[in-house]
Amino acid sequence: MVETMIVELSSVSKSFRDGNDGGKRRVLENVSLSVKSGESLSVVGHSGCGKSTLLNLMGILDVPDSGSIFINGQDTSKLSAKASASMRASDIGFVFQSHHLLPQATVLENVKLPSLALPEKADPQQVESRALDLLSQVGIGDHANQFPGQLSGGERQRAAVVRALINKPSLLLADEPTGALDAGNADELAELLLDLNEREGISLVVVTHNDDLAAKMGRKLTIQSGELHELR
Ligand SMILES: Nc1ncnc2c1ncn2[C@@H]1O[C@H](COP(=O)(O)OP(=O)(O)O)[C@@H](O)[C@H]1O
Ligand SMILES: [Mg+2]
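The numbers in this note's numbering rise by one with no breaks, and the one at position 210 of the sequence shown is 213.
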C-alpha cells in the first residue's frame with residue numbers, strides 16, 4: 004500500500020536577492036522532505052536560517068527556484084494560479100506569529116472568511132455551525148460576536164487557529180504561533196495544536212522557539228547553511 008504523503012519536497016532550492024550587492028543568497032539548498040498524513044513536525048533554528056521560507060514553500064505561498072513540491076500527490080508547479088489558490092484554501096491552514104484578524108469584523112466573521120476562497124461554494128449555515136463549534140472547542144465560544152480587539156492575545160491566537168481550520172485542511176502550518184504569547188498562553192496554544200494533530204489527524208508543521216512545543220512533536224527538523232537536518 005502506498006502511504007499518503009501530505010507534502011513531498013524533492014531537491015528544493017531557494018535563493019533571495021541580497022539587498023546590498025545584488026548577489027543571491029541561497030536559503031535552501033537541495034532540501035528534500037516527506038510529511039506523512041497525521042505527522043507532527045517542529046522546525047527550529049536560528050533567526051534567518053530559512054524556517055519561514057520552508058513553511059511558505061510548503062504552503063504554496065512561494066515557489067522554489069528548482070526542485071519539486073507535491074501537496075496531496077499533486078505537483079504544485081503544474082497548477083494554474085487559480086488551482087493553487089484553491090488548493091491553498093481547501094488543503095492548507097496557516098497560523099502566524101501575529102493573528103492577522105480583521106479588526107472591523109467579529110471573531111465569527113473572521114473565522115468564516117476563508118470559506119469564501121473555497122473552489123466550491125460552502126453552505127453558509129454549515130460553515131457557521133462549524134465555526135461556532137470550533138470556537139467553543141478552543142474555549143472562546145462566548146466571544147464569537149465580539150471584535151478581535153476585545154479579546155486577549157491568547158484568545159486572538161486561538162481564533163486564528165480556528166480560522167486556519169475552518170476549511171478542514173489536511174495540513175496546518177504554524178510559523179512561530181506562540182511567539183507573541185506569554186508562557187501560560189503559549190502552553191495552552193501548544194496543547195491545542197497537539198490536540199488537533201492527535202484528535203483530528205491533521206498534519207502539523209510548526210516553526211517554534213518554544214522547546215517544550217518542539218519536544219512534543221513527532222519529528223524535529225533544523226536548517227543549517229541551507230540544509231535540512233532531522234534531529235533526534
Ligand atoms: N522575500 C524575501 N526577499 C529577500 N530575502 C528574503 C525574503 N524572505 C526571506 N529572505 C531572506 O532569507 C533568509 C531566511 O529568511 P526566513 O526564512 O524568514 O528565516 P527564519 O524564518 O528562519 O528566520 C533571511 O536571510 C531573509 O532575509
Ligand atoms: Mg521566520
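For glycine and all other residues, C-beta sits at the position ideal for the given N, C-alpha and C. Keep in mind it's a predicted model, so treat the numbers as computed, not measured.
Just reading off the alpha helix (DSSP H) that Met90 is part of, what are its end residues? The residue you call residue 90 lines up with position 87 of the sequence shown. Counting along the chain, the alpha helix (DSSP H) containing Met90 begins and ends at 84-94.
Shortest alpha-carbon distance to Ser80 belongs to which of Phe97, Gly204, Gly142, Glu11? Mapped onto the sequence shown, residue 80 falls at position 77. Ranking the options by Cα distance to Ser80, first place goes to Glu11.
Would you call the region 43-51 and the region 198-212 in contact, with 3 or more CB pairs under 8 Å? yes
Whose C-beta lies closer than 6 Å to the C-beta of Glu201 among residues of the same chain, with five residues either side of it excluded? Against the sequence shown, residue 201 aligns to sequence position 198. Once the five neighbours on either side are set aside, Glu201 has no close Cβ partner at all.
Under 5 Å, CB to nearest heavy atom of ligand 1: contacting residues: Phe19, Val30, Ser50, Gly51, Cys52, Gly53, Lys54, Ser55, Thr56
I want to check one thing, is the minimum distance from the CB of Asp178 to the heavy atoms of ligand 2 below 7 Å? Locating residue 178 in the sequence shown gives position 175, counting from the first residue. Yes, the beta carbon of Asp178 sits closer than 7 Å to at least one heavy atom of ligand 2.
With a threshold of 16 other CB atoms inside 10 Å of the CB of Pro122, please say whether the residue is buried or exposed. By 1-based counting over the sequence shown, the position of residue 122 is 119. When all chains shown are included, Pro122 counts as exposed.
Buried or exposed: where does Glu42 fall if 16 or more other Cβ atoms within 10 Å of its Cβ makes it buried? On the sequence shown, position 39 is the one that residue 42 refers to. Glu42 should be labelled buried.
Alpha carbon to alpha carbon, what distance is there between Arg28 and Phe97? Numbered from its first residue, the sequence shown carries residue 97 at position 94. Numbered from its first residue, the sequence shown carries residue 28 at position 25. Approximately 26 Å between the Cα atoms of the pair.
Please go through the region 20-72 and give each complete alpha helix (DSSP H) segment of 4 or more residues, from N-terminal end onward. 54-61
Ligand 2 heavy atoms versus the CB of Val210: any closer than 7 Å? If you number the sequence shown from 1, residue 210 lands on position 207. Yes; taking the cut-off as 7 Å, the Cβ of Val210 has a heavy atom of ligand 2 nearer than that.
Measuring alpha carbon to alpha carbon, tell me which residue in Gln160, Lys124, Gln149, Phe150 is nearest Val141. Within the sequence shown, the letter at position 138 stands for residue 141. Looking at the Cα atoms, Gln160 is the closest of the given residues.
Simplified DSSP assignment, three categories, for Gln240: Outside the displayed span of the chain (4 to 235) sits residue 240, for which this structure offers no information.
Beta bridge counterpart(s) of His232 as assigned by DSSP: In the sequence shown, the residue the question calls residue 232 occupies position 229. Looking at the DSSP assignment, His232 forms a beta bridge with Thr225.
Could you pull out every unbroken alpha helix (DSSP H) segment of at least 4 residues lying fully inside the region 93-147, listed in chain order? 110-115, 127-140
Spell out the partners DSSP gives Lys17 in its beta bridges. Here residue 17 refers to the residue found at position 14 of the sequence shown. Leu31.
With distances taken from CA atoms, which of Arg133, Lys54, His146 is nearest Asp178? Here the question's residue 178 lines up with position 175 in the sequence shown. The residue with the shortest Cα to Cα distance from Asp178 is Lys54.
Buried or exposed for Gly62, going by 16 or more other Cβ atoms inside 10 Å? Here the question's residue 62 lines up with position 59 in the sequence shown. Buried: at least 16 other Cβ atoms inside 10 Å.
Any 3 or more C-beta pairs closer than 8 Å across the region 84-92 and the region 109-127: yes
Just to confirm the assignment, what range does the alpha helix (DSSP H) spanning Val162 have? Taking the sequence shown and counting its residues from 1, one reaches residue 162 at position 159. Contrary to the premise, residue 162 reads as Ala rather than Val in this sequence. Counting along the chain, the alpha helix (DSSP H) containing Ala162 begins and ends at 156-168.
I need the straight-line Cα distance from Gly204 to Asp24, nearest angstrom please. Position 201 of the sequence shown, counted from the first residue, corresponds to residue 204. Position 21 of the sequence shown, counted from the first residue, corresponds to residue 24. Approximately 46 Å between the Cα atoms of the pair.
Distance, Gly156 Cα to His146 Cα: Numbered from its first residue, the sequence shown carries residue 146 at position 143. Numbered from its first residue, the sequence shown carries residue 156 at position 153. So the alpha carbons of these two residues sit roughly 13 Å apart.
Tell me whether the beta-carbon of Ala183 lies closer than 8 Å to the beta-carbon of Asn113. Locating residue 183 in the sequence shown gives position 180, counting from the first residue. Locating residue 113 in the sequence shown gives position 110, counting from the first residue. Cβ atoms of Ala183 and Asn113: not closer than 8 Å.
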